[in-house]
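Numbering (my numbering), first residue to last: 15 to 547. We treat Cβ as the ideally placed atom computed from N, Cα and C, and that holds for glycine. See structure below.
As structure tokens, this is what we get:
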């Protein structure tokens, strides 16, 4: 196996994603655009999406890192809209888009059209998370989009398998299809429930952070493979395990958490960047298979499929938002009021991604009787154009739509105030605990140590409240910004002195690394993590 194309793909994808972080364009869109342009450059190898790599190798870690960072409590509070989108909408889109494709494309069998419907039904987890994070959407909309994208792949993959079985001549009934879907879904959840407790126990009982994080890297693959082995949904198994472990992450020691966050952030960045670049690079592969169709004919089918995908989502989202609220008073009392703008954003934020392409590429070339699978190349083309169309058209216009609708973003002041109040309550509890400890050990503790402990508590409490402070009219900085800037300068000076001492052989490299590690932790504590935007 030649690893140079893989290295080149990862390096180029990371570079483009790095540029995207400094532009208003979401990284998925820039990556796809650059890859589309690069697909026909001389020397660029042919990258073909292999579903046997994408589904069991790339999808599990992407789902895991998205689910671990999701809020189990927020998802539980929004379980109704999440379930309606991730299950109900995907099944509705499979039937509706498949039926429209059957009417639009001559000679395309209904079963093959339903295969296409299942392929393009699920919005993409990576695209939804990346764009929602970039735009700073309100928390509830972000939670619904993320929750939908975590589960909808399982629905789509199961629907695809049922439709494919009928298309290739294995023979299935509606009852059999529903039974298979229920079995895969319940089985995936069941496997996740069975695995999550022993995996959590194992993580908390491994004493070394290195061992715990090695296990963390294996967990998504173990959960996915175990579920698929018994015919259940690997996607749901990964999501269930990840949500549980993320919810219980406070029980893991601090060293493990620090390492795990850094490792998974890097893995997610590399995989997300490479995945969107791979989407754009599929253009030559897809176009080569269109020999039997004219350009004009293929474009008409592509536009029809794209419009169907967009319209069908709105046909589901608006009734699913307002009909249950109109029928059930409990929903109106339990859930916050909503207007027409929120479902408009949810409906327009239906970007498709790599899972749709991977599923499409897994369509066999031949039926069981040896005849070619009807319309396979066209299904690949329509999937590709739908993915590109939704990413470019919806992804690029979503920020403008949000500005036009004047949708309020995340309330950072309220979030910071809640953070400050939580820190204040925790600091008061810590202070009471400190007084209890001092009552037991005051005779053996020196006064400078006691003052140091109290100063740490005060600094931690004040740092959060300072984020709510006003901006200095002279410097244009808040007190928190000024503290970061000055402490950063001081730490950088210390860092330079340590390096100089190492160069003079006053300290060795091992001691230098220890000292730099302390400075790194102090500097990390001074800066809030805003790199995710």
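Counting only runs of 4+ residues fully inside the segment 242-285, write out the alpha helix (DSSP H) ranges in chain order.
Within the segment 242-285, the complete alpha helix (DSSP H) runs of at least 4 residues are 248-261.
From 181, 470, 133, residue whose alpha carbon lies closest to that of residue 166
Residue mapping note: residue 166 aligns to position 152 of the chain shown, counting from 1. It is 133.
How would you call residue 286, buried or exposed, if buried means at least 16 neighbouring beta carbons within 10 angstroms?
Indexing the chain shown from 1 puts residue 286 at position 272. Buried, because 16 or more other Cβ atoms sit within 10 Å of the Cβ of residue 286.
So is residue 535 buried or exposed if we call it buried at 16+ other beta carbons inside 10 Å?
What you label residue 535 is simply residue 521 of the chain shown in a count that begins at 1. Classification for residue 535: exposed.
For residue 242, decide whether its Cβ has a neighbour in chain D, counting only Cβ atoms nearer than 8 angstroms.
The question asks about chain D, but that chain is absent: this structure has only one protein chain.
One or two residues paired with residue 380 in a DSSP bridge
Sequence index remark: in the chain shown, residue 380 carries index 366 (1-based). Answer is 386.
Does the Cβ of residue 408 have 16 or more other Cβ atoms within 10 Å, making it buried, or fewer, making it exposed?
By 1-based counting over the chain shown, the position of residue 408 is 394. Residue 408 should be labelled buried.
7 angstroms Cβ shell around residue 545 - same chain, five flanking residues per side excluded:
Walking along the chain shown from the start, residue 545 turns up at place 531. The predicted model places residue 545 with a pLDDT of 42, which falls under 50 and marks its position as unreliable, so this point remains unresolved.
Pair every Cβ in the segment 274-294 with every Cβ in the segment 244-252, then say whether three or more of these pairs are closer than 8 angstroms.
no
Cutoff 7 angstroms; reference residue 124; Cβ partners in own chain excluding five residues on either side:
Position 110 of the chain shown holds residue 124. Here the set comprises 116.
With H, G and I counted as helix, E and B as strand and the rest as coil, what does DSSP make of residue 523?
Indexing the chain shown from 1 puts residue 523 at position 509. Assigned with DSSP and collapsed to three states, residue 523 falls in helix.
The segment 261-278 / the segment 217-224 touching (three or more Cβ pairs under 8 angstroms)
yes
Along the chain, where does the alpha helix (DSSP H) containing residue 153 start, and where does it finish?
Residue mapping note: residue 153 aligns to position 139 of the chain shown, counting from 1. Per DSSP, residue 153 belongs to the alpha helix (DSSP H) from 153-181.
Residue of 442, 96, 326, 288 minimising C-alpha distance to residue 368
As a first step, residue 368 must be located in the chain shown, where it is residue number 354. Per the Cα distances, 288.
Starting from residue 115, follow the alpha helix (DSSP H) in both directions and report where the run begins and ends.
In the chain shown, the residue the question calls residue 115 occupies position 101. Annotation: the continuous alpha helix (DSSP H) that includes residue 115 extends over 104-118.
So, do the segment 361-376 and the segment 169-177 have three or more beta carbon pairs nearer to each other than 8 angstroms?
Using a C-beta cut-off of 8 angstroms, the segment 361-376 makes contact with the segment 169-177, since at least three inter-stretch Cβ pairs fall below that distance.
Taking the alpha-carbon positions, what's the residue 176 to residue 387 distance?
Looking up residue 176 in the chain shown gives position 162. Looking up residue 387 in the chain shown gives position 373. Between residue 176 and residue 387, the C-alpha separation is close to 15 angstroms.
Alpha helix (DSSP H) containing residue 332: first to last residue?
Numbered from 1 along the chain shown, position 318 holds the residue referred to as residue 332. Residue range 309-341 is occupied by the alpha helix (DSSP H) that includes residue 332.
Residues near residue 471 in its chain [Cβ-Cβ closer than 7 angstroms; skip 5 each side]
For the purposes of this step, residue 471 is taken as residue 457 along the chain shown, with counting starting at 1. Answer for residue 471: 441, 444, 445, listed in chain order.
Our contact map puts residue 412 next to residue 362 with C-beta atoms below 8 angstroms; I'd like the distance itself, whole angstroms only.
Indexing the chain shown from 1 puts residue 412 at position 398. Indexing the chain shown from 1 puts residue 362 at position 348. About 6 angstroms separates the two Cβ atoms, so the contact holds.
Going straight from the alpha carbon of residue 507 to that of residue 533, what length do you get?
In the chain shown, the residue the question calls residue 507 occupies position 493. In the chain shown, the residue the question calls residue 533 occupies position 519. Near 11 angstroms, if we compare the C-alpha coordinates of residue 533 and residue 507.
Candidates 383, 57, 390, 152: which alpha carbon is nearest residue 417's?
Within the chain shown, residue 417 is the residue found at index 403, counting from 1. Of the candidates 383, 57, 390, 152, the residue whose Cα lies closest to the Cα of residue 417 is 152.
C-alpha distance - residue 503 paired with residue 539, whole-angstrom precision:
Counting from 1 along the chain shown, the entry for residue 503 is found at position 489. Counting from 1 along the chain shown, the entry for residue 539 is found at position 525. For residue 503 and residue 539, the distance between alpha carbons rounds to 15 angstroms.
Residue interval of the alpha helix (DSSP H) (run including residue 94)
Looking up residue 94 in the chain shown gives position 80. Residue 94 -> alpha helix (DSSP H) spans 93-97.
Pull up the distance between the alpha-carbon of residue 360 and that of residue 136, whole angstroms please.
Against the chain shown, residue 360 aligns to sequence position 346. Against the chain shown, residue 136 aligns to sequence position 122. Residue 360 and residue 136: Cα-Cα distance of roughly 13 angstroms.
What are the boundary residues of the alpha helix (DSSP H) that includes residue 352?
The residue given as residue 352 occupies position 338 in the chain shown. Neither: residue 352 is in no alpha helix (DSSP H) and is coded neither H nor E.
Measuring straight from C-alpha to C-alpha, what distance separates residue 90 and residue 154?
Stepping through the chain shown from its first residue, residue 90 is reached at position 76. Stepping through the chain shown from its first residue, residue 154 is reached at position 140. Answer to the nearest angstrom: the Cα atoms are 12 angstroms apart.
Pairwise C-alpha distance: residue 305 and residue 83
In the chain shown, counting from the first residue as 1, residue 83 sits at position 69. In the chain shown, counting from the first residue as 1, residue 305 sits at position 291. In a straight line, the C-alpha of residue 83 is about 45 angstroms away from that of residue 305.
From residue 402 to residue 520, what distance separates their C-alpha atoms?
One-based indexing of the chain shown puts residue 402 at position 388. One-based indexing of the chain shown puts residue 520 at position 506. The straight-line gap from Cα to Cα measures roughly 58 angstroms.
Would you tell me roughly how many angstroms separate the C-alpha atoms of residue 365 and residue 320, rounded to the nearest one?
Within the chain shown, residue 365 is the residue found at index 351, counting from 1. Within the chain shown, residue 320 is the residue found at index 306, counting from 1. For residue 365 and residue 320, the distance between alpha carbons rounds to 11 angstroms.
Is residue 256 closer than 8 angstroms to residue 202 when the C-beta atoms are compared?
Residue mapping note: residue 202 aligns to position 188 of the chain shown, counting from 1. Residue mapping note: residue 256 aligns to position 242 of the chain shown, counting from 1. In this structure, residue 256 does not lie closer than 8 angstroms to residue 202 by Cβ.
On a Cα-Cα basis, can you pick out the residue from 70, 474, 496, 327 that is closest to residue 237?
Position 223 of the chain shown, counted from the first residue, corresponds to residue 237. The shortest C-alpha separation from residue 237 is found at 70.
Are residue 298 and residue 60 closer than 8 angstroms when you measure CB to CB?
Translated into the one-based positions of the chain shown, residue 298 becomes position 284. Translated into the one-based positions of the chain shown, residue 60 becomes position 46. Going by C-beta atoms, residue 298 is nearer than 8 angstroms to residue 60.
Measuring straight from C-alpha to C-alpha, what distance separates residue 107 and residue 501?
Position 93 of the chain shown, counted from the first residue, corresponds to residue 107. Position 487 of the chain shown, counted from the first residue, corresponds to residue 501. Residue 107 and residue 501: Cα-Cα distance of roughly 54 angstroms.
Residue 31 burial status per 10 Å Cβ neighbour count (16 or more: buried):
Taking the first residue of the chain shown as 1, we reach residue 31 at position 17. Buried is the call here.
According to the neighbour-count rule (16 or more other Cβ atoms, all chains shown, within 10 Å of its Cβ), is residue 19 buried or exposed?
Against the chain shown, residue 19 aligns to sequence position 5. Residue 19 is exposed by the Cβ-count criterion.
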